[in-house]
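Below is one structure, written out as structure tokens; comments come after it.
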Amino acid sequence: MRTGIFKGMAVFLLATSLSGHAIEVDGSREAQYGQALAIQQVQTGFGDPGSELDAAYALIAEDRLFLMLTGNLEANFNKLAVFIDSVEGGQNRILGNENPNNDNWAEKFDGFTFDTGFAADYLLIVRHGFGGTKLDLDFAGIGAGNTGALVGSFNPSALGTSGPFAASLGINLGFNNSNSAGVGSSQGQAADSTAAANVLTGVELEIPLALIGNPGGDIRVCAMINGHGHDYLSNQFLGAMPAGTTNLGTDGWGNFIGGSSLGGIDLNNYAGDQFFIIPGPEGAPQVTGFSVDATSTSASITWTSSPDIFYALESSADLQVWEEIDDGILSQGQSTTYDFQLAAGLKKAFYRIVAR
Ligand SMILES: [Ca+2]
Ligand SMILES: [Ca+2]
Ligand SMILES: [Ca+2]
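Here this note's numbering is used: the first residue of the sequence shown is 15, the next is one more, and so on.
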């Protein structure tokens, strides 16, 4: 969510960026994450309760990326793999011998191909098992010469919390596996996307932007659930696989082939993008004009915008509680102007523009 905020009536024009996001990295989705960036479309082939990805949310604040993937991860060391495309370059097709092979992932992904437009630069792996007493996190840079390693191993059961679990490299992990709703397990059937979007818990990550190349532009993420050996893919991806997709398995056809890599799998063969886009830290809307008609209650606000996206105009009396005035304002290009009515008798209010 990119936000431009200012305080209006005519004499108060203040443009600043929203800070102080109260995100707790605890595996529970805060309202500040806003709308989902991707929602599951297909019921899981990995059991219910088992492993599922319901929806993805993200927030960039204070030089950190907060990523919330709602759903479940079975306590059998199934892998949640989160590939990040945040900088130029990277691998659209994974090359097993040109990557760190922490957790043996690179050997198993050798030849795996992402959708066009996605070239992976970083990878996080989350897995848990042993009755919830072991939760592990790996981080790797993609490409020859990069390193990858276990960066955190936790015992949530003993710690009695769902996070934050402080890993090395400045990463924090939250994990709440309590969801029992979301998508069903009629493998391959269309998912209830409303139920998926309603899930509040899952894996939450806080990642320093410096760790992923200080991206100035959009960040792309491809998340997937894989078997414990990185060699049997589920049908749970975000961006989602199309309805009708069953587990990919090792070969794309749902078969397990021991000793093989996922090299036969090419995400271009599945409709839609199996990645989602997080708007970059640059380009937050800036308010460039605000006027009030002194003889009426009409107001007009103008801000810097990006083409082809929607904005919301929200108002608040206290910067705490925000109310939407309109959440479907289509960008007019590089600059967008919106006219609206002020509440009668209004003395002071704050307004903000939120990119959707
Ligand atoms: Ca949280
Ligand atoms: Ca890249
Ligand atoms: Ca695709």
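Glycine included, C-beta positions come from ideal geometry on N, C-alpha and C.
query: Residue 244 - partner residues in DSSP beta bridges; result: None, per the DSSP bridge assignment.
query: Where the alpha helix (DSSP H) through residue 170 begins and ends; result: 170-173
query: Classification of residue 353 by the beta-carbon crowding that lies within 10 angstroms, buried from 16 upward; result: exposed
query: Which of helix, strand or coil DSSP assigns to residue 233; result: strand
query: Whole runs of the alpha helix (DSSP H) within the stretch 93-142, excluding any shorter than 4 residues; result: 119-123
query: Opening and closing residue of the alpha helix (DSSP H) in which residue 161 lies; result: That residue, residue 161, is in no alpha helix (DSSP H); it is neither H nor E in DSSP.
query: Straight-line gap, residue 30 to residue 249 (C-alpha atoms, nearest Å); result: Confidence in residue 30 is poor, its pLDDT being 33 and thus under 50, which makes the residue's placement too unreliable to answer from.
query: Under 9 Å between C-beta atoms of residue 75 and residue 82; result: no
query: CA nearest to the CA of residue 141, picked from 102, 161, 93; result: 93
query: Residue 95 CB to nearest heavy atom of ligand 2 below 8 Å; result: no
query: 9 Å Cβ cutoff met for residue 208 and residue 192; result: no
query: Local conformation of residue 260 per DSSP, three classes; result: coil
query: Buried or exposed (CB count within 10 angstroms, at least 16 for buried), residue 288; result: buried
query: Closer than 8 Å: residue 249 CB and nearest ligand 3 heavy atom; result: no
query: Residue 286 beta carbon near ligand 3 (any heavy atom closer than 8 Å); result: yes
query: Endpoints, the alpha helix (DSSP H) within which residue 208 is located; result: 207-212
query: Residue 47 in three-state terms, based on DSSP; result: helix
query: Heavy atom of ligand 1 within 8 Å of residue 43 beta-carbon; result: yes
query: Nearest residue (CA-CA) to residue 182, options 190, 168, 176, 189; result: 168
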